[in-house]
Structures are given as structure tokens and as C-alpha cells.
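Protein sequence lines, in the order shown, are assigned to chains Y and W. Counting with numbering that gives the first Met the number 0, you get residues 0 to 130 for the letters of the first sequence. Counting with numbering that gives the first Met the number 0, you get residues 0 to 130 for the letters of the second sequence. This report refers to the structure that appears directly beneath it.
2 protein chains.
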Amino acid sequence: MISTKGRYGLRVMIDLAKNDNGTYVPLKDIADRQEISKKYLEIIVKKMVEGGLVKGSSGKGGGYKLVKKPEKYTVGEILTLMEGTISSVACLADKSYDCPRRKKCETLPMWKEFDGIVHDYFYGKKLSDLL
Amino acid sequence: MISTKGRYGLRVMIDLAKNDNGTYVPLKDIADRQEISKKYLEIIVKKMVEGGLVKGSSGKGGGYKLVKKPEKYTVGEILTLMEGTISSVACLADKSYDCPRRKKCETLPMWKEFDGIVHDYFYGKKLSDLL
DNA sequence: CTAATTCCTATTGACATAGTAGGAAATAGG
DNA sequence: CCTATTTCCTACTATGTCAATAGGAATTAG
């Protein structure tokens with residue numbers, strides 16, 4: 000299940016794309032438009048800055064802006080950053096985890112196939128597709 | 000993310016299907032084969048009994064058995080019972096929830112489309128496909 | 001200098017997850 | 001009837017995540 004981090008994060012990205020006029024967009028404006036607490040959005044946006052999705056600028060006239068064009072972002076990369084993983088099962092979320100039942104597990108192939116579908120869907124969808 | 004309830008539940012169903020000889024299969028055997036604590040499986044299987052997926056019988060010679068043929072179960076119905084919902088976002092998980100931003104939400108159509116894909120995948124997959 | 005804004009740390013309440021523990025009730029077979 | 005086996009039931013617990021809130025420090029444009 001996608002949490003508010005992923006859902007709100009995506010909405011922030013869309014908001015930034017829609018209100019991009021070259022300058023920085025203050026978080027307060029985004030919070031007002033999206034009807035999400037600005038305080039909570041700070042946590043969300045901080046992650047996005049750390050993950051390199053957006054750029055922040057302090058001080059008056061500051062705010063946030065996208066670092067590339069909306070068509071260059073995939074929904075997948077945004078969700079993966081915000082959620083940590085997009086995998087549907089713990090077995091596949093941690094790539095380094097080597098399950099002892101890997102070979103005999105009857106469900107693993109299904110989870111892998113499903114994960115592939117999910118991956119293809121979200122990485123095939125661009126931020127610009129949501130505007 | 001599918002929790003152990005859904006993952007283990009599915010494995011119990013597969014185990015029951017594979018070891019179905021007309022009689023009841025004791026949980027101890029399933030726990031041994033699946034390498035999952037029997038105590039924990041009790042919680043899992045209890046849900047499956049309540050949900051009508053399997054039938055339980057107490058006492059010596061007791062255990063659990065499927066109530067229909069493996070090809071009559073979909074993975075979707077099993078996961079939905081165990082997880083509560085299979086929806087990827089809270090907005091869609093609770094059918095009665097009427098989001099005030101429903102009309103202007105730019106992400107909702109995507110979540111709906113994605114949920115459709117997930118639904119089709121899991122409800123199109125039969126328990127018998129996993130044997 | 002000031003107002004606006006991000007940046008940073010800490011805290012909280014509620015809930016879910018992944019179990020464990022102990023025993024009561026039921027039942028088949030001798 | 002007795003016993004071994006098995007489900008059924010209630011309770012408990014530790015850990016973590018979620019969804020925030022709170023207060024203030026640092027930064028910067030005008």
C-alpha cells in the first residue's frame with residue numbers, strides 16, 4: 000500500500016510542474032493548493048531534495064523547483080524514493096536478502112512476475128502524463 | 000506490501016492442495032513443511048476458516064482441508080481475505096470513503112487504473128496455477 | 001534589518017506487524 | 001473411559017511505521 004509519503008510526494012511534484020515559472024515555488028503555496036499541512040510536507044519535500052528530485056532554496060523568494068522537465072521523471076522513480084521500495088513482498092524488496100526457501104518456494108515466481116508488472120507500469124508512466 | 004498473513008496464507012493453501020488426500024491435514028505438518036511457526040500459523044488459518052476458505056476439524060485425526068477444488072480459488076480472493084484489502088492506496092481501499100478532492104485529484108485516475116491491473120492479475124490467477 | 005522561507009531535531013499517539021504463551025474444547029482410537 | 005492429538009480461544013508483547021505536530025535555527029532577497 001502506497002503511503003501518504005508517496006501519494007503526497009507525487010502531488011507535490013505535479014504541483015511543482017504545473018506552477019513552474021522558472022522561479023522557486025514556496026511550500027506554503029503548495030500546501031494551500033494541495034490542502035496538506037505545510038509542516039508535514041516539509042518532511043516529504045526534504046526527502047525529495049535528498050533524493051535529487053527537486054532543488055530547494057532558503058530565504059525570501061525561496062522554495063522548491065524541479066531539476067528536470069516533467070517528461071523526464073517517471074512515477075516509478077518518485078514512488079521508489081518516497082516509499083523506499085515499490086516491491087509488493089519483503090522477499091523481493093531487499094535485493095541482498097537471500098531466502099533459504101528461494102528454490103522451492105511456489106509463490107516466488109508469481110511475486111516476481113507481479114513485481115515486474117508493477118515496475119513496468121510505474122516506470123512507464125511519466126510525471127508529464129499526470130498534468 | 001503483502002504481509003506475512005497473505006504470503007503465508009497462500010502457502011498454506013498451496014500446501015493443502017498438494018497434500019489433499021481426502022482427509023484433514025494437521026497444521027503441525029504444514030508448519031514443518033513450510034518452516035513457519037505452528038503457533039503463528041494458527042492465527043493465519045483461523046482467518047481462513049472464518050473466511051470460508053478452508054474447513055477445520057478438531058481432535059485426533061483433525062486438521063484442515065480445502066472446501067473446493069484448487070482451480071476454483073483465485074489468488075485474489077485469498078489475498079483479499081488475508082490482507083483486508085488488495086488496494087494500493089487508502090483512497091480506494093475503503094469503498095465508502097468519499098474524498099473531498101476526488102474531482103480535482105490528478106493522481107486518482109492513475110491509482111484507479113493501477114488498482115484495476117492489480118485486481119485483474121490476482122483474480123485471474125488460480126490456486127491451481129501455483130501447484 | 002526584516003520578512004519569508006527552508007532546514008533541522010525532537011516528540012507524539014495510534015495502529016499494525018509478527019509473533020509467543022498457555023490452556024480449553026473436541027474427537028478418534030484403543 | 002482414557003489418552004493422545006488436534007483445533008480453538010484469549011491474552012500478551014516487542015518492535016516498528018505512519019501521520020503528523022512543535023519549536024526554533026539558518027539562510028537569503030530586498
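Glycine residues also receive a C-beta, built at the ideal position from the N, C-alpha and C atoms. Note that the coordinates shown come from a computational prediction; the quantities given were computed from them, not determined experimentally.
Those runs of the alpha helix (DSSP H) which lie wholly inside the region 104-129 of chain Y and span at least 4 residues: 107-123
Quick one: grab the DSSP three-state call for leucine 52 of chain W. On the second sequence, residue 52 of chain W is found 53 positions in, with the first residue counted as 1. Collapsing the DSSP output to three states places leucine 52 of chain W in coil.
Would aspartate 19 of chain Y and lysine 64 of chain Y qualify as a contact pair, given that the criterion is a beta-carbon distance under 9 angstroms? Here residue 19 of chain Y refers to the residue found at position 20 when the first sequence is read from its first residue. Here residue 64 of chain Y refers to the residue found at position 65 when the first sequence is read from its first residue. Going by C-beta atoms, aspartate 19 of chain Y is nearer than 9 angstroms to lysine 64 of chain Y.
How is valine 66 of chain W classed by DSSP in three states: helix, strand or coil? One-based indexing of the second sequence puts residue 66 of chain W at position 67. Valine 66 of chain W falls in the coil class under three-state DSSP.
With a cut-off of 8 angstroms on the beta carbons, I'd call leucine 80 of chain W and glycine 50 of chain W a contact; round off their distance for me. Position 81 of the second sequence, counted from the first residue, corresponds to residue 80 of chain W. Position 51 of the second sequence, counted from the first residue, corresponds to residue 50 of chain W. Glycine 50 of chain W and leucine 80 of chain W do touch by the CB rule: their CB atoms are close to 4 angstroms apart, below 8 angstroms.
Kindly indicate which three-state DSSP category threonine 84 of chain W falls into: helix, strand or coil? Counting from 1 along the second sequence, the entry for residue 84 of chain W is found at position 85. The answer is coil: DSSP assigns threonine 84 of chain W none of H, G, I, E or B.
Rounded to the nearest angstrom, what separates methionine 12 of chain W and leucine 40 of chain W at their Cα positions? Taking the second sequence and counting its residues from 1, one reaches residue 12 of chain W at position 13. Taking the second sequence and counting its residues from 1, one reaches residue 40 of chain W at position 41. Roughly 12 angstroms separates the two Cα atoms.
Taking Cβ positions only, does alanine 92 of chain W come closer than 9 angstroms to chain Y? For this step, residue 92 of chain W is matched to residue 93 along the second sequence. With 9 angstroms as the cut-off, alanine 92 of chain W counts as an interface residue toward chain Y.
For the 8 angstroms Cβ check, are there 3 or more pairs between the region 82-97 of chain Y and the region 106-115 of chain Y? yes
Just confirm the distance between the C-beta atoms of leucine 26 of chain Y and proline 69 of chain Y, as a whole number of angstroms; I'd bet it's less than 8 angstroms. Taking the first residue of the first sequence as 1, we reach residue 26 of chain Y at position 27. Taking the first residue of the first sequence as 1, we reach residue 69 of chain Y at position 70. Contact flag wrong, Cβ pair sits at about 19 angstroms.
Going along chain W, which residues have a C-beta under 9 angstroms from glutamate 34 of chain Y? By one-based count along the first sequence, residue 34 of chain Y stands at place 35. Residues of chain W passing the Cβ test: Pro99, Arg100.
Judging by CA-CA distance, which residue of Y/Ile1, Y/Gln33, Y/Gly8 is the nearest neighbour of lysine 102 of chain W? Taking the second sequence and counting its residues from 1, the one referred to as residue 102 of chain W is at position 103. Nearest option by C-alpha distance: Y/Gln33.
When you compare the CB of valine 48 of chain Y with every CB in chain W, is at least one pair closer than 9 angstroms? For the purposes of this step, residue 48 of chain Y is taken as residue 49 along the first sequence, with counting starting at 1. Taking Cβ atoms only, chain W never reaches closer than 9 angstroms to valine 48 of chain Y, which makes this a no.
Measure from the alpha carbon of histidine 118 of chain Y to the alpha carbon of each residue in Y/Ser87, Y/Lys71, Y/Thr3, Y/Val24, then state which is nearest. The residue given as residue 118 of chain Y occupies position 119 in the first sequence. The candidate whose alpha carbon is nearest that of histidine 118 of chain Y is Y/Ser87.
What is the residue span of the alpha helix (DSSP H) that lysine 17 of chain Y lies within? Start at 1 with the first residue of the first sequence, and residue 17 of chain Y comes out as number 18. 3-17 is the span of the alpha helix (DSSP H), which, as asked, contains lysine 17 of chain Y.
Residue range of the alpha helix (DSSP H) that lysine 102 of chain Y falls in? One-based indexing of the first sequence puts residue 102 of chain Y at position 103. Counting along the chain, lysine 102 of chain Y falls outside any alpha helix (DSSP H), and DSSP gives it neither H nor E.
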